[in-house]
Amino acid sequence: MRIDIWSDVVCPWCSIGKRRFERALAEFPHRADVEVVYHSFLLDPSAPTEPTETAQQALARKYGLTLADAAEKQAMVTRFAAEEGMEWRRHHESPHTSTVDAHRLLHLALADGGPAQQAALKDALLLAYFDEARNVADHAVLRDVAVRVGLDAARVQQVLASEEYAGEVAADIAQARAYGANGVPFFVVDEKYGVSGAQPTEFFSQLLERAWSEGHPVLETVPGAADAEACGPDGCPI
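Quick note: the sequence shown uses the UniProt record's numbering, first residue 1, plus one each step.
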């Protein structure tokens, strides 16, 4: 069974939703047969690679909030993250920045190391942004994060110095639009169910069970059928 997840590495609810989903997956009895793949989504395609403001300041500007109100909203989501076991110590300092190159590296990780490598890079990028307030558009930061999770330094540099995987990022975004996803996180379960938002762990658990049972139906024996004549492993007792 395959789970496709659209998210951005500067999206707090994506990180929270990821943690809730992973908790449900960890308790799922068929988790070894589940493949999880992450896809690109840009919360702000126009965000700069060289930040001029924090995400908190950008939030206030975009929605016409005071800085105090934006700070309270950010503090609220930080508390939700803490409930999921994530300590975002410097979230209030996180920059408003582009994530295009981070997404290109996530595609590199998937291509070179598979879903496990991609998930490791995803976790490292989220940590770098929310807990360490690092600029995930800065190539030095991206190289450091990617190499620490096992990506080849030369390949990382090659990708960052080019437009490699830009097409894959664009294709992901187009697919999200085709699905009708206007925000993230957005989960597609077994190409059958689309789910938006950081749903509770219990919801994800129920959805995994439902999708699995529909894809792996249990054969029911019709009552009384076993009483009719039949041949068995020892032959036919005529």
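Glycine residues also receive a C-beta, built at the ideal position from the N, C-alpha and C atoms.
- Taking a 10 Å sphere around the C-beta of N135, we find 16 or more other C-beta atoms and assign the residue as buried.
- Here L121 really is in contact with L151; their C-beta atoms are around 7 angstroms apart, less than 8 angstroms.
- The residues F204, in chain order, have a CB closer than 6 angstroms to that of F21 in the same chain once the five nearest residues on each side in sequence are set aside.
- Below 8 angstroms, too few C-beta pairs join the segment 100 to 109 and the segment 67 to 78 to call them touching: fewer than three.
- Judged by DSSP secondary structure, V145 falls within the alpha helix (DSSP H) whose first and last residues are 139 to 148.
- Following the DSSP letters along the chain, one finds V37 inside the beta strand (DSSP E) bounded by residues 35 to 40.
- Boundaries of the alpha helix (DSSP H) around D123: 100 to 126.
- Where S7 is concerned, the enclosing beta strand (DSSP E) starts and stops at 2 to 7.
- By the criterion of a C-beta distance shorter than 6 angstroms, E53 is surrounded in its chain by H96, once the five residues flanking it on both sides are discounted.
- If you ignore the 5 residues before and after A128, its C-beta comes within less than 7 angstroms of the C-beta of R134, V136, V141, V145, all in its own chain and listed in chain order.
- Annotated three-state conformation of F186 is strand, per DSSP.
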